[in-house]
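Chemist: Note that the sequence shown ends on residue 378 in the numbering used here; no numbers are left out.
Just so it is clear, CB atoms sit at the ideal spot from N, CA and C, and this is done for glycine as well.
Being a predicted model, the structure only gives us computed values, none of them experimental.
Have a look at this one.
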Amino acid sequence: MPMALRLMRWRNRLRRLGLVFAVSLGLLALAIATAIPIILPVFHFPTPRGPYAIGTVTYHWVDADRPNVFSTVANARRELMVQIWYPAKANATPPSLRAPYVQNAAALAKALALLKDLPAALFGQLQFVTTHATPGAPVADEKPNYPILIFLEGAIGFRQMNTFQVEALVSHGYIVAAIDQPHTAAVVVFPDGREVGALPLDQMLPLIHRSHSPAGTAPMLNGRVFDKGIIPYLAGDVSFTLNQLAALNQADPNAILTGRLNLLQVGTFGVSLGGIVGSEACLIEPRLRACLFMDSPMPVDVIKSGLRHPALWITRDAETMRLERRRSDGWTEADISEHQTSMRTAFANSQGAGYFVQVPDMFHVNLTDVPYWSPLL
2 MPMALRLMRW
12 RNRLRRLGLV
22 FAVSLGLLAL
32 AIATAIPIIL
42 PVFHFPTPRG
52 PYAIGTVTYH
62 WVDADRPNVF
72 STVANARREL
82 MVQIWYPAKA
92 NATPPSLRAP
102 YVQNAAALAK
112 ALALLKDLPA
122 ALFGQLQFVT
132 THATPGAPVA
142 DEKPNYPILI
152 FLEGAIGFRQ
162 MNTFQVEALV
172 SHGYIVAAID
182 QPHTAAVVVF
192 PDGREVGALP
202 LDQMLPLIHR
212 SHSPAGTAPM
222 LNGRVFDKGI
232 IPYLAGDVSF
242 TLNQLAALNQ
252 ADPNAILTGR
262 LNLLQVGTFG
272 VSLGGIVGSE
282 ACLIEPRLRA
292 CLFMDSPMPV
302 DVIKSGLRHP
312 ALWITRDAET
322 MRLERRRSDG
332 WTEADISEHQ
342 TSMRTAFANS
352 QGAGYFVQVP
362 DMFHVNLTDV
372 PYWSPLL
C-alpha cells in the first residue's frame with residue numbers, strides 16, 4: 002500500500018477520533034452543566050405560613066465588661082454580630098428587595114471549605130439564595146410588641162443556619178435574635194471587614210466537651226485553664242444580648258425596634274452546640290422564660306441543678322443515630338450514649354414543665370437548613 006494512502010487513512014482516523022473526543026467532552030461539559038444546578042441548586046425556603054411578613058436588621062455589639070478569652074490581644078473585648086428578624090408590615094417592600102440568605106457568603110464558603118476540606122465552589126450557590134425577609138421593613142402594627150426568641154448556632158455554624166425555622170417563627174409573631182459567636186462559628190465578619198474564623202477542632206472540642214464530659218485534665222486556651230469548659234463563657238453572650246435587647250427597646254439606633262420588644266416573654270433555642278449553650282443560659286439567666294434544645298448533650302451542672310424554666314428537648318432514638326453513622330460517619334457509641342442519657346436525665350430532673358420528643362429517622366442536619374443545600378444532603 003502506498004505510503005501516501007496509509008497517511009491519508011491515519012489522518013482520517015485521527016480526525017474521527019478527534020471528533021469523537023470533542024463530542025465526548027462537549028457531552029461531558031453539558032452533563033456537568035446540567036447536573037450542577039440539580040446537585041447544588043439556588044434553593045428557596047418554604048413560604049412561611051403565618052400572617053406576618055418578615056423584616057431583618059443586623060447589629061455589631063461590643064461587651065466592654067468581658068475580655069475576649071479567645072484572643073491573645075491585650076484588653077480585647079468580646080464582640081458579637083447579632084441578626085434580628087421581626088414581624089413586618091405586609092407588602093411594605095417588593096420581593097426584589099429581599100434579604101440575602103448570608104450577608105458574607107464568599108467568606109462563609111471559604112471558611113466551610115477550609116474546615117470541611119472541600120472545594121469552596123461547593124458552597125458558591127449560597128451567595129445567590131434569598132430569603133423572605135426584607136431589610137429594615139417597618140414593624141407590623143397588629144401588636145404593640147412581640148415575644149423574643151434567641152437563636153444559638155451549632156459549632157462551625159453561622160447565625161442564619163436555621164433560617165427555615167426562624168422564618169416560620171417570625172411569620173407567627175415572634176422576634177428572633179440570632180447570635181454569631183466568634184471562634185466557634187465558621188466565620189464571623191465584622192463591619193470593618195475583619196474575619197474571625199473558628200478555632201481548630203482539636204482546640205474547640207475539648208473546650209466544649211468539658212461541660213458534659215468533665216473527666217481528665219481541664220483544657221487550656223491562651224494560658225487560661227477552663228475547668229468547666231467554654232460553655233459558661235458562651236452562655237454569657239446570651240446575657241449580654243439580653244442587656245442589648247433591653248437597650249434596643251429603649252432606643253434603637255435604626256429607629257425600627259424601639260418599644261417593640263416584649264422583654265417579659267423571652268426564650269432561647271439552639272441546635273447541637275447551640276443547645277448546650279442555651280441550656281447553660283437557661284440555668285443561669287432568670288430573664289429567659291422557655292428553652293428549646295435540639296440534639297444536644299446536656300452540661301453536668303444543668304443535669305444536677307435541674308432547669309426551672311419550661312423546656313423542650315428534641316432528638317431521635319439511638320438506632321437512628323447509628324443509621325446516620327453508617328450513612329455519613331460520626332456518632333460513636335459513646336456519643337450516642339451521652340446524648341441519649343444526658344438529655345433524658347436533664348428532662349427527668351427538670352423542675353419546670355418539660356417535654357422530651359424523639360423523631361425517628363431524623364438526622365442531625367435535618368434540624369438545620371443544610372438539606373436544602375443539595376439533594377445529596
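For Gly268, which beta-bridge partners are listed by DSSP?
Modeler: Leu150 and Ala291, per the DSSP bridge assignment.
Chemist: Check whether the Cβ atoms of Ile285 and Asp238 sit closer than 8 angstroms, and answer yes or no.
Modeler: Not in contact: Ile285 and Asp238 (Cβ atoms no closer than 8 angstroms).
Chemist: Do Thr59 and Gln128 come within 8 angstroms of each other at the CB atom, strictly closer than that value?
Modeler: Cβ distance not < 8 angstroms, so Gln128 and Thr59 don't count as in contact.
Chemist: Answer yes if the segment 153 to 164 comes into contact with the segment 271 to 287, meaning at least three C-beta pairs across the two stretches below 8 angstroms, and no otherwise.
Modeler: Yes: at least three Cβ pairs fall under 8 angstroms.
Chemist: Start and end of the beta strand (DSSP E) containing His210?
Modeler: No beta strand (DSSP E) holds His210; the alpha helix (DSSP H) holding it covers Leu202 to His210.
Chemist: What residue range does the beta strand (DSSP E) around His61 cover?
Modeler: First-last of the beta strand (DSSP E) with His61: Ala54 to Pro68.
Chemist: What number of angstroms, rounded off, separates the C-alpha of Pro183 from the C-alpha of Asn263?
Modeler: In a straight line, the C-alpha of Pro183 is about 27 angstroms away from that of Asn263.
Chemist: Please name the residue or residues paired with Ile176 in a DSSP beta bridge.
Modeler: Answer by DSSP bridge pairing, in chain order: Ile149.
Chemist: Just mark Asp142 as buried or exposed, buried being the case when its beta carbon has 16 or more other beta carbons within 10 Å.
Modeler: The residue in question, Asp142, is exposed, as its Cβ has fewer than 16 Cβ neighbours within 10 Å.
Chemist: Decide if Thr166 is buried, meaning its Cβ has at least 16 other Cβ atoms within 10 Å, or exposed.
Modeler: Going by the sequence as given, residue 166 is Gln instead of Thr. So Gln166 ends up on the buried side.
Chemist: Using 8 angstroms as the cut-off, can you tell me whether the segment 314 to 331 makes contact with the segment 339 to 355, which would need three or more C-beta pairs spanning the two stretches below that distance?
Modeler: In short, these stretches touch, since the Cβ pair count reaches three.
Chemist: Check whether the segment 120 to 140 and the segment 219 to 234 are in contact - that is, three or more C-beta pairs closer than 8 angstroms.
Modeler: No, because fewer than three Cβ pairs between the segment 120 to 140 and the segment 219 to 234 fall closer than 8 angstroms, the two stretches do not touch.
Chemist: Looking only at its own chain, which residues have a Cβ that is under 8 angstroms from the Cβ of Pro192, when we skip the five neighbours before and after it?
Modeler: Here the set comprises His61.
Chemist: Please return the same chain residues whose Cβ sits closer than 7 angstroms to the Cβ of Arg309, not counting the five positions on each side in sequence.
Modeler: Gln352 and Gly353, listed in sequence order.
Chemist: Please determine if the segment 205 to 214 and the segment 224 to 231 are in contact, where contact requires at least 3 C-beta pairs separated by less than 8 angstroms.
Modeler: Touching, per the Cβ criterion.
Chemist: By the DSSP assignment, the beta strand (DSSP E) with Leu313 in it spans what residues?
Modeler: Run containing Leu313: Ala312 to Thr316, per the beta strand (DSSP E) assignment.
Chemist: Where Ala1 and Ala187 are concerned, what is the direct C-alpha to C-alpha distance, given to the nearest angstrom?
Modeler: As displayed, the chain neither begins before 2 nor continues past 378, which places residue 1 out of reach and without an answer.
Chemist: So what does DSSP say about Asp302, is it helix, strand or coil?
Modeler: Three-state result, Asp302: helix.
Chemist: Is Val70 near Arg225, with beta carbons less than 8 angstroms apart?
Modeler: Taking 8 angstroms as the Cβ cut-off, Val70 and Arg225 qualify as a contacting pair.
Chemist: Report the partner residues of Ala222 according to the DSSP bridge assignment.
Modeler: The displayed chain sequence assigns Leu, not Ala, to residue 222. DSSP output for Leu222 lists Arg225 as bridge partner(s).
Chemist: Label Glu334 either buried or exposed according to how many other C-beta atoms from any shown protein chain fall within 10 Å of its C-beta, with 16 as the threshold for buried.
Modeler: Its Cβ having fewer than 16 others within 10 Å, Glu334 is exposed.
Chemist: Can you give me the C-alpha to C-alpha distance between Val358 and Arg323, rounded to a whole angstrom?
Modeler: Distance between the alpha carbons of Val358 and Arg323: 18 angstroms.
Chemist: Could you give the first and the last residue of the continuous beta strand (DSSP E) run that contains Pro49?
Modeler: Run containing Pro49: none; DSSP gives neither H nor E here.
Chemist: In terms of residue numbering, what span does the alpha helix (DSSP H) encompassing Tyr102 cover?
Modeler: Note, Tyr102: premise wrong, no alpha helix (DSSP H); not H, not E.
Chemist: State the beta-bridge partners of Gln359 as determined by DSSP.
Modeler: Answer is Thr316.
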